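Take a look at the structure below.
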Amino acid sequence: MKLLKIRNLSFALLIFLVLQSCCFPPEIEPLTIAISKESENYPAWLSRYEDNIVYKNMYTLGIDSALKVLENSDGLLLTGGRDIYPAYYNQIEDTALCGEFDRYRDSLEFALIKKAMENKIPILGVCRGQQILNVYLGGSLYVDIPTEFDTTVIHRQEDWRNCYHKVYIVNSTLLLDIGGVNYGQVTSNHHQGIKDRATDLKISAYSADSIPEAVEWSNRGEKGFLMAVQWHPERMDTAHLLSAPIARKFINEAWTYNENK
């Protein structure tokens, strides 16, 4: 009788476990997004559209450690920040026109971009992130737009939270495909910008004065996803068509990478 009870309990436990596995699907492992230098704005922005993400701040790590973390990540987000040291684009004589530098960050992001491109990890660049992608791929920058470029468009002001201007989206670009708008008002605050475009990139948005405001691959082919914008989508309205679709596209590409790696 005692043996029968044990068997009945074991059978009941087995049925319970089977039913539980049917009713509750296994947990989905989160995405891992490597952020070149984190501030709370960027995780908050992406988390509006996907809450199953773990964020890794690469800036707190040595370069070798950061590269190991990146190898197990599903996307690389290159964020805004200080000016890129102009020697990287052969204009070291113009350092006086620059603001502050972060030489460690320059080296870190160059290494991260190289590894991400080798592994076809999706890349999204914001502000400085667009500039360093262009420089890494062989392009150059206006060291100081007000000094080098005659324009009436205000690209930078002290009240950076309220610096806006209009951008115009180029036809036959991924940016147009995902956003579905030909122009829009964006939050953008910068004194540098793309001067000579890297040959592997094409410009997908301009400001009214022709300064490039977004880039993507000119021919993606077998490369990993890449998109970069000069403006700050993380500071913009949740439903803005030049913010939300960019976040969603990056997240979708990261999930695709995650599933295929």
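If you're matching positions, the sequence shown starts at 685 in the working numbering and goes up one per residue. Backbone N, C-alpha and C fix where the C-beta goes; we use that ideal spot for every residue, glycine too. Please read all numbers here as calculations on a predicted model, not as lab measurements.
Residue range L715 to I719 is occupied by the beta strand (DSSP E) that includes L715. Each residue's CA atom was taken as its position, placing E722 and R812 some 13 Å apart. Residue environment analysis places G746 among the exposed positions, since fewer than 16 neighbouring C-beta atoms fall within 10 angstroms of its C-beta. Approximately 17 Å separates the beta-carbon atoms of E900 and S891; this is outside 8 Å, ruling out the contact. Taken in chain order, the complete beta strand (DSSP E) segments of 3 residues or longer contained in the stretch 794-879 are 807-810, 848-853 and 867-871. A Cβ-Cβ distance of about 12 Å is found for the pair L762 and I805, leaving them out of contact under the 8 Å criterion. In the DSSP assignment, A898 falls within the beta strand (DSSP E) that extends over P896 to W901. Within the same chain, S902 come within 6 Å of K886 by CB-CB distance, once the 5 residues on both sides are set aside. Pairing R766 with C782, the inter-Cα distance amounts to about 9 Å.
Shown here, A892 sits in coil according to DSSP, grouped into three states, outside any helix or strand.
Counting along the chain, the unbroken beta strand (DSSP E) around K740 starts and ends at I737 to N741.
According to the DSSP assignment, L730 belongs to the alpha helix (DSSP H) that extends over N725 to S731.
By alpha-carbon distance to I862, the top candidate from A800, D786, I719 and I935 is I935.
Here the alpha carbon of P929 sits roughly 9 Å from the alpha carbon of A923.
When the alpha-carbon of V870 is set against those of E832, V854, K879 and V913, the nearest one is in V913.
Counting only residues of its own chain and dropping the five nearest sequence neighbours on each side, Y726 has a CB closer than 7 Å to the CB of I719, L761, T763 and E918.
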